[in-house]
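Protein chains in written order, with the numbering used here: chain Z, 1 to 112; chain U, 113 to 226. Glycine residues also receive a C-beta, built at the ideal position from the N, C-alpha and C atoms. Data first, discussion second: the structure below is written as structure tokens.
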Amino acid sequence: KQEVTQIPAALSVPEGENLVLNCSFTDSAIYNLQWFRQDPGKGLTSLLLIQSSQREQTSGRLNASLDKSSGRSTLYIAASQPGDSATYLCAVNTGTASKLTFGTGTRLQVTL
Amino acid sequence: KAGVTQTPRYLIKTRGQQVTLSCSPISGHRSVSWYQQTPGQGLQFLFEYFSETQRNKGNFPGRFSGRQFSNSRSEMNVSTLELGDSALYLCASSFVAGDTDTQYFGPGTRLTVL
Chain Z
1 KQEVTQIPAA LSVPEGENLV LNCSFTDSAI YNLQWFRQDP GKGLTSLLLI QSSQREQTSG
61 RLNASLDKSS GRSTLYIAAS QPGDSATYLC AVNTGTASKL TFGTGTRLQV TL
Chain U
113 KAGVTQTPRY LIKTRGQQVT LSCSPISGHR SVSWYQQTPG QGLQFLFEYF SETQRNKGNF
173 PGRFSGRQFS NSRSEMNVST LELGDSALYL CASSFVAGDT DTQYFGPGTR LTVL
């Protein structure tokens, strides 16, 4: 059974800092990994999708890496801003239809 | 292109009642998945529909059911509501080209069971 863990559970940083969020999964046989952000009480916004054959993906200030063999992914956020404050979730697709297994999330607060 | 829409956005029901939630996927997307999000259990997969067929089902009791129509719109139904069914219900759609596509989520339906 696939299990996904995210560390840390919560993080508070001052504006402008670079930061790294971690995601680990127990079954390395994945099709892809997706990072989402969720604002309080809202749905999920897709940030980045990494296919199993890829090592990283970049979008603006965000960079996600994937090390499938070790069961790890990181989300790097450069020059953090207060608007980045949200919960960040990673999810893996093990190829069973479109079923995603989610991590527990990292709640990020970026302070002025 | 319009995003995933879910109706209603908020619902209040009492124990024992039943409820139907609706999800309209992004135009052209054929897969619709449903998830339940609670503070204690996080996001859990309910089921996924593709071309009107349920392809996968999570570990939820039979009170949770769903269906998909020919236009890819999907509904999920929860019968005999329990207090523990209070949650944010999210649906996601994807185009599906080899199970590698990005999933796009709707804003969710917040269900409160009293």
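Boundaries (first-last residue) of the beta strand (DSSP E) holding Gln180(U): Along the second sequence, read from residue 1 onward, the residue named residue 180(U) stands at position 68. For Gln180(U), the enclosing beta strand (DSSP E) starts and ends at 176-180.
Coil, strand or helix - Ala91(Z) by DSSP: Within the first sequence, the letter at position 91 stands for residue 91(Z). Secondary structure at Ala91(Z): strand, using DSSP grouped into helix, strand and coil.
At least 3 beta-carbon pairs within less than 8 Å: the region 124-135 of chain U vs the region 26-44 of chain Z: As far as the Cβ criterion goes, the region 124-135 of chain U does not touch the region 26-44 of chain Z, which means the pair count is below three.
Beta-carbon proximity list for Thr74(Z), same chain, < 6 Å, skipping 5 on both sides: On the first sequence, residue 74(Z) is found 74 positions in, with the first residue counted as 1. Cβ within range, chain order: Val20, Asn22, Ser65.
Limits of the unbroken beta strand (DSSP E) element including Phe159(U): By one-based count along the second sequence, residue 159(U) stands at place 47. Counting along the chain, the unbroken beta strand (DSSP E) around Phe159(U) starts and ends at 154-162.
Ser191(U) versus Leu226(U) - alpha carbon distance: Counted from its first residue, the second sequence places residue 191(U) at position 79. Counted from its first residue, the second sequence places residue 226(U) at position 114. Annotation: Ser191(U) to Leu226(U) spans about 14 Å, alpha carbon to alpha carbon.
Cut-off 6 Å between Cβ atoms - residues of its own chain near Arg185(U), not counting five sequence neighbours on either side: To locate residue 185(U), count along the second sequence from 1; it is residue 73. Only Ser136 meet the Cβ criterion.
Separation of Ser46(Z) from Thr87(Z), as counted between CA atoms: Indexing the first sequence from 1 puts residue 87(Z) at position 87. Indexing the first sequence from 1 puts residue 46(Z) at position 46. Approximately 12 Å, taken between the alpha carbons.
CB-CB length for Gln109(Z) against Ser12(Z), believed under 8 Å: Numbered from its first residue, the first sequence carries residue 109(Z) at position 109. Numbered from its first residue, the first sequence carries residue 12(Z) at position 12. Between Ser12(Z) and Gln109(Z) the Cβ distance is about 5 Å, and since that is below 8 Å, they are a contact.
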